[in-house]
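Scroll down for the structure; my scribbles are underneath it.
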Amino acid sequence: MDPDKLAALSLRVWSYKQGEVVALMVHLGDQLGLYKAMAGEGPLDAMQLAQLTGLDARWLLEWLRCQGAAGLLETEDGEMFELTEEGAEVLANETGSTWFAAGAFQGVVAAPDTIRRLMEAFRTGQGLSYDQLGPSAAHGVERLTAPWTKLVLVPEVLPGLRGVEERLEQGARVADVGCGAGVALIAMASAYPRSTFEGFDPSMHAVDLARQKVKEAGLANVELHCCPAAALPADATYDLILTLDCLHDMPQPGEAIRAIRRSIKPDGTWLIKDIRSAPTWQGNLRNPMLALMYGTSVATCMSSALSEPDGAGLGTLGLHPELAEQMCRDAGFSYFVVHDFHDPANLYYEVRP
Ligand SMILES: C[S@@+](CC[C@H](N)C(=O)[O-])C[C@H]1O[C@@H](n2cnc3c(N)ncnc32)[C@H](O)[C@@H]1O
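Everything in the sequence shown is counted per this note's numbering, starting at 136 for the first residue and increasing by one.
Structure representation (structure tokens):
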């Protein structure tokens with residue numbers, strides 16, 4: 136196999152996935168009248184667009200950044216965005232131009248009811264939880280995250296954390312918080328039969344799927360709880376806690392981190408896997424899938440993180456390493472080390488009390 140050809144083909148396939156997500160964002164922009172509102176206005180920020188449209192500025196900012204990253208709006212700094220004259224021809228001039236194309240995005244990807252609810256979220260500011268996206272969302276997440284979890288977590292990531300593999304082999308108590316469909320639980324419970332594993336997730340659809348998969352795998356050392364991170368046991372119980380690709384989805388990540396701090400043993404380890412991101416727009420521009428990330432944020436991650444009143448709304452790119460470290464230290468963790476396991480989408484943090 137030619138590794139360059141493999142990497143080029145993989146990038147090409149993911150570019151199509153990015154296209155799918157940007158297509159949904161174009162459809163939302165079309166349905167909400169955002170391109171039409173921006174046409175002829177010159178550079179605007181999210182607040183100005185909110186004033187023009189009566190929509191929520193935080194939602195508009197994430198959508199604008201997706202559009203900027205996709206090259207559909209012009210922006211230098213990720214704060215001010217312009218729909219150029221040419222852009223307006225293609226995306227806004229519905230009645231006057233044969234170049235108009237936004238209407239072609241009708242009926243893309245998400246079910247019409249989900250699109251309607253997302254449009255409502257732009258108005259109210261309140262997003263949809265994973266369960267409100269329907270049963271297929273949990274399955275979609277499972278298909279997305281399973282390859283890395285199945286192939287890299289047990290052979291590479293866990294042995295890369297100080298003392299964790301030995302403890303799992305001897306018999307440890309483990310919690311996977313935001314476990315989704317249980318892919319990591321199954322991989323770990325099969326590899327370490329002397330240890331016991333508990334999965335926590337507020338999504339009924341995800342937990343149902345996880346229960347079914349655990350049963351199919353015939354594992355007796357896994358237990359599932361349909362509840363959020365805040366419901367973790369309050370005593371110092373776990374040798375190892377994992378939060379894989381989910382802290383940035385949580386409406387109250389600070390509360391979740393404090394609950395994890397209470398339930399981890401004094402010599403326990405917490406493994407955070409979260410999206411590779413930087414605190415600045417310029418830093419994030421290195422990501423060739425930036426538009427896919429911001430679009431996914433609007434459709435899924437930020438939406439979940441705003442699904443409760445006063446949600447933090449971090450979103451897909453919101454938990455960069457500096458913020459993660461600060462939040463962990465604020466909750467009483469003293470050890471925080473960043474690992475790069477060459478996962479193109481994620482960084483891994485080893486955290487200890
Ligand atoms: C992107 S999925 C990741 C699932 C799984 N860890 C994986 O890697 O496949 C994010 C998960 O976070 C869960 N979640 C959202 N809010 C949560 C909370 N407050 N506590 C625990 N999990 C939460 C969602 O239900 C969803 O299953």
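No residue lacks a Cβ here, since even glycine has one placed at the ideal position from N, Cα and C.
Measuring CB to CB, does residue i end up less than 8 Å from residue j?
| i | j | result |
| --- | --- | --- |
| GLY175 | GLU217 | no |
| ILE407 | THR378 | yes |
| LEU303 | PRO388 | no |
| PHE240 | ASP137 | no |
| VAL289 | ALA237 | no |
| GLY295 | ARG396 | no |
| HIS383 | ALA440 | yes |
| ALA153 | LEU458 | A small correction: the amino acid at residue 153 is Gln; Ala does not occupy that position in the sequence shown. Not a contact, by the Cβ cut-off of 8 Å. |
| THR451 | TYR484 | no |
| PRO401 | PRO488 | yes |
| PRO386 | GLY446 | yes |
| THR280 | ASP139 | no |
| LEU207 | GLY231 | no |
Is there at least one non-hydrogen atom of ligand 1 closer than 7 Å to the beta-carbon of residue i?
| i | result |
| --- | --- |
| TYR151 | no |
| MET385 | yes |
| VAL489 | The structure shown has nothing for residue 489, since the chain only spans 136 to 488. |
| CYS463 | no |
| PRO337 | yes |
| GLY315 | yes |
| ALA204 | no |
| LEU379 | yes |
| VAL276 | yes |
| PRO282 | no |
| TYR170 | no |
| ALA391 | yes |
| SER439 | yes |
| VAL157 | no |
| VAL433 | no |
| VAL318 | yes |
| TYR265 | yes |
| PRO363 | yes |
| VAL312 | yes |
| ALA108 | This structure gives no information on residue 108, because the portion of the chain shown stretches from 136 to 488. |
| ALA341 | yes |
Thinking just about the alpha-carbon of each residue, which of the options is nearest to the one in residue i?
| i | options | result |
| --- | --- | --- |
| PHE332 | ALA322, ARG308, GLY313, VAL349 | ARG308 |
| THR210 | LEU367, GLN417, GLY453, ALA434 | GLN417 |
| GLY453 | SER438, GLY467, PRO282 | SER438 |
| ALA480 | LEU425, ASP311, GLN241, GLY389 | LEU425 |
| VAL299 | VAL287, LEU263, ASP374 | ASP374 |
| PRO456 | ALA391, ALA142, VAL486 | VAL486 |
| LEU286 | ALA394, ALA322, GLU304, GLU351 | ALA322 |
| GLU130 | PRO337, MET173, ALA181 | With the chain covering only 136 through 488, there is no way to say anything about residue 130. |
| ALA364 | PHE235, ALA310, GLY403, GLY206 | ALA310 |
| ASP336 | THR372, ASP165, VAL318 | VAL318 |
| THR372 | ALA394, CYS362, THR435 | ALA394 |
| GLU197 | PRO247, ASP478, THR435, ARG464 | THR435 |
| GLY353 | PHE235, PRO282, LEU320, LEU253 | LEU320 |
| LEU433 | PRO328, HIS274, ARG252, HIS360 | One point to set straight first is that residue 433 is Val, not Leu, in the sequence displayed. The residue with the shortest Cα to Cα distance from VAL433 is ARG252. |
| ILE410 | ALA369, SER442, HIS474 | HIS474 |
| GLN267 | GLU229, ARG278, LEU293, MET339 | MET339 |
For chain B, find out if any of its Cβ atoms is closer than 8 Å to the Cβ of residue i; answer yes or no.
| i | result |
| --- | --- |
| THR219 | Absent from the structure: chain B. Only one protein chain is present. |
(request) Jot down the residue ranges of each uninterrupted alpha helix (DSSP H) in the region 286-374, minimum 4 residues, whole runs only, in chain order. (result) Counting only unbroken stretches of 4 or more residues, the alpha helix (DSSP H) elements lying wholly within the region 286-374 are 299-305, 318-326, 339-352, in sequence order.
(message) With three or more beta-carbon pairs closer than 8 Å as the criterion, would you say the region 183-192 touches the region 241-259?
(response) yes
(message) At 4 residues or longer, what runs of the alpha helix (DSSP H) sit wholly inside the region 250-285?
(response) 270-283
(message) Quick test of the definition: if touching needs 3 or more C-beta pairs under 8 Å, does the region 343-351 touch the region 312-324?
(response) yes
(message) Measuring CB atoms only, is the region 193-204 touching the region 150-163, in the sense that at least three cross pairs come out at less than 8 Å?
(response) Look at the beta carbons and you see the region 193-204 touching the region 150-163: at least three pairs across the two are nearer than 8 Å.
(message) Please give the ranges of any beta strand (DSSP E) in the region 395-419, keeping only runs that are unbroken, at least 3 residues long and fully inside the region.
(response) 399-410
(request) Please specify which runs of the alpha helix (DSSP H), each continuous and at least 4 residues long, are wholly inside the region 136-179, giving them in chain order. (result) At a cut-off of 4 residues, the continuous stretches assigned as alpha helix (DSSP H) that sit fully inside the region 136-179 are 138-166, 169-173.
(request) Would you mind listing the alpha helix (DSSP H) stretches within the region 214-245 that are 4+ residues and don't spill past its ends, in chain order? (result) The region 214-245 contains these whole alpha helix (DSSP H) runs: 220-226.
(request) At 3 residues or longer, and completely inside the region 462-487: list those beta strand (DSSP E) runs for me, N to C. (result) Here the runs fully enclosed are 470-474, 481-487.
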